[in-house]
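Worksheet: one structure, shown below.
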Amino acid sequence: MTISDFTKHYPTTGAKLADLIVHLAGLACALLGGGILLGLAFGLGSLGQMAAIGVYTIGLVTMLSLSTAYNFSKARWQPLLRRFDHAGIFIMIAASYTPFTTQNLEGWWAIGMTTAVWSVAALGVAAKLFLPGLDKRFWVGLYMAMGWLVLVAIKPMIEGLSWVALLLLAIGGLVYSTGTVFYLMRRLKFRRAIWHGHVIGGAGLHYAAVLVGVVLAGARA
């Protein structure tokens, strides 16, 4: 991908402004929401829960910050920042798993799933930063591996989560997937704003799942 390709992100100034508003709103919500989660974990939960929520919050803010830097930087910086943007996705996926694998699973399930998720994420980050020319099939496979890794522990995960948290996770995944449809519509003027809006919407639903399934559930335990 050449530098000229990056200048085509936004067909109009309005499309760029819309996406900027979406990014800034998402970042503000992530910072505020993360602070609320940490405060609740501090008041209602354990040290381990606070650590897991801290990892989740850092992952969410990191992903949105890197996306903002990539999409709104000068064209000459975008090829490099694109690597960090994609690396941030791996960090966010692993960080989203962490509250559930560490707080809702027990024993070797907790250790094994957390280790597996972060190992795949580390591989993805390293490959994105240092081997950006790898075939797209590699990235599709790696993203799928992270997404479907939950099936390995699906039984204990279902047993450890409320139906509300599971529903929020499922709907969040559906929102993410729906967003890709709009992203692929190259002629859609506001496709990037719509896509990133779906990303933030999906993240918001997963945030709610963390709140209900980890923080508040831990307080009731």
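Numbering (the working numbering), first residue to last: 994 to 1214.
Just so you know, even glycine gets a beta-carbon here, dropped at the ideal spot from N, CA and C.
A quick note: this is a predicted structure, and the numbers were derived from the prediction, not measured.
Contacts around A1158, its chain only, beta-carbon distance under 6 angstroms, and the 5 residues preceding and following it disregarded = Here residue 1158 corresponds to residue number 165 of the sequence shown, with the count starting at 1. The beta carbon of A1158 is closer than 6 angstroms to those of A1202, V1205, G1206 in its chain, skipping five residues each way along the sequence.
Taking Cβ to Cβ, would you say I1084 is nearer than 8 angstroms to A1114?
-> For the purposes of this step, residue 1084 is taken as residue 91 along the sequence shown, with counting starting at 1. For the purposes of this step, residue 1114 is taken as residue 121 along the sequence shown, with counting starting at 1. I1084 places its beta carbon less than 8 angstroms from that of A1114.
Can you tell me which of the three DSSP states I996 falls into?
-> On the sequence shown, position 3 is the one that residue 996 refers to. Its pLDDT being 44, under 50, I996 is placed unreliably by the model, and nothing is read from it.
Take the Cβ of F1093 as the centre, count every other Cβ of all protein chains shown within 10 Å, and call the residue buried at 16 or more, exposed below.
-> Taking the sequence shown and counting its residues from 1, the one referred to as residue 1093 is at position 100. Per the 10 Å Cβ criterion, buried.
Going by C-alpha distance, which of G1197, G1032, L1209, V1208 is nearest L1053?
-> To locate residue 1053, count along the sequence shown from 1; it is residue 60. It is G1197.
In three-state terms, what does DSSP make of F1183?
-> Translated into positions along the sequence shown, residue 1183 becomes position 190. Reduced to three states, the DSSP call for F1183 is coil.
Beta carbon of L1116 nearer than 8 angstroms to that of A1146 = Mapped onto the sequence shown, residue 1116 falls at position 123. Mapped onto the sequence shown, residue 1146 falls at position 153. No, they are not a contact pair.
So does I1046 have its beta carbon nearer than 7 angstroms to some heavy atom of the ligand SAM?
-> Ligands in the displayed structure: none, and consequently the ligand SAM is not present.
With burial defined as no fewer than 16 other Cβ atoms inside 10 Å of the residue's Cβ, what is the status of F1035: buried or exposed?
-> By 1-based counting over the sequence shown, the position of residue 1035 is 42. Under this definition F1035 is an exposed residue.
Is there contact between the region 1007 to 1027 and the region 1183 to 1193, where contact requires at least three CB pairs shorter than 8 angstroms?
-> yes
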